[in-house]
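Numbering (the numbering used here), first residue to last: 6 to 270.
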């Protein structure tokens, strides 16, 4: 699944991408902290919705709080599983919560995402940064929902969102090659399909046509980085998303090696 995303710019990049966008005057986003955002931190993140015939940029929390999570205990227990929505369940699974909220569509602006690669014989997974070529920013489609529980301190009804994933293309299968949700990737779209995702009144067939799109592998840029979630400083003092040379790293598609220098020891 995709639990780590990056936005390495500011709100101006988003408004340049979508000039008609109305930015929430109370957008409490610190863009100095969005170089890496992890799903289960449930932090506020800028999300684009189409509401009242207007494109709006709002601050929602990553991780949907569904209607059945009507106590703090249920939220704590179940929210961790609501950060990603499998594309296959949005239309075809009639019991899925994602189908129930399929009309609440949003876009999640990113400059890239992170994913881990497993290599047999290595103690640590190798982190990668992935982005789309020739697009300094793009948007991952998602779904949003307002929490059934008001904030205990402010009384605010929080907006929450989930990020849509699909089966991986050939490159992403070689990067996201292990774990309980192996061979999946975020839904990447060309800009025209991003905008279509936000259009009101889409039929189930229209929605499915968008969800069926697979971003070709050759449109991706990707490279190893030093770490995703660790706070250990990079030995080369470079940016978190900068390429990092891992000693003895086998090429993609070769997932077995007997040597790894443990950079975290």
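Just so it is clear, CB atoms sit at the ideal spot from N, CA and C, and this is done for glycine as well.
- Each residue's CA atom was taken as its position, placing residue 203 and residue 181 some 28 angstroms apart.
- Shown here, residue 103 sits in a helix according to DSSP, grouped into three states.
- Leaving aside the five residues that flank residue 172 on each side, the residues in its chain whose CB is nearer than 7 angstroms to its CB run, in chain order, 188, 189.
- Per the C-alpha coordinates, the member of 132, 165, 16, 39 positioned closest to residue 29 is 16.
- If you draw a straight line from the Cα of residue 210 to the Cα of residue 153, it comes to about 29 angstroms.
- No Cβ-Cβ contact shorter than 7 angstroms links residue 111 with residue 19.
- Around the beta-carbon of residue 114, 16 or more other beta-carbon atoms lie within 10 Å, marking it buried.
- The Cβ neighbour count for residue 234, taken over all protein chains shown within 10 Å, is under 16; the residue is labelled exposed.
- In the three-state reduction of the DSSP assignment, residue 89 falls in the strand class.
- For the set 127, 147, 136, the Cα lying nearest the Cα of residue 94 is the one of 147.
- Going by C-alpha positions, residue 69 is about 15 angstroms away from residue 78.
- Between the alpha carbons of residue 194 and residue 161 lies a distance of about 32 angstroms.
- Beta-bridge pairing by DSSP links residue 212 to no other residue.
- The DSSP-derived three-state label of residue 200 is helix.
- Taking C-beta atoms under 8 angstroms as the contact rule, residue 167 and residue 89 qualify, at a distance of about 6 angstroms.
- Annotated three-state conformation of residue 84 is helix, per DSSP.
- Bounds of the alpha helix (DSSP H) holding residue 21 are 16 to 22.
- The beta-bridge partner set that DSSP reports for residue 11 consists of 117.
- When DSSP states are grouped into helix, strand and coil, residue 226 belongs to the strand group.
- According to the DSSP assignment, residue 64 belongs to the beta strand (DSSP E) that extends over 59 to 67.
- Counting along the chain, residue 190 sits inside no alpha helix (DSSP H); it lies in the beta strand (DSSP E) bounded by residues 189 to 191.
- Of the candidates 117, 183, 42, the residue whose Cα lies closest to the Cα of residue 191 is 117.
- Look at residue 77 here: in three-state DSSP terms it is helix.
- Contact between residue 124 and residue 255 holds: their C-beta atoms lie close to 6 angstroms from each other, under 8 angstroms.
- Residue pairing by DSSP places residue 136 opposite 226 in a beta bridge.
- Secondary structure note for residue 163: its beta strand (DSSP E) is the uninterrupted segment 162 to 172.
- When beta bridges are read from the DSSP output, residue 42 appears opposite 10.
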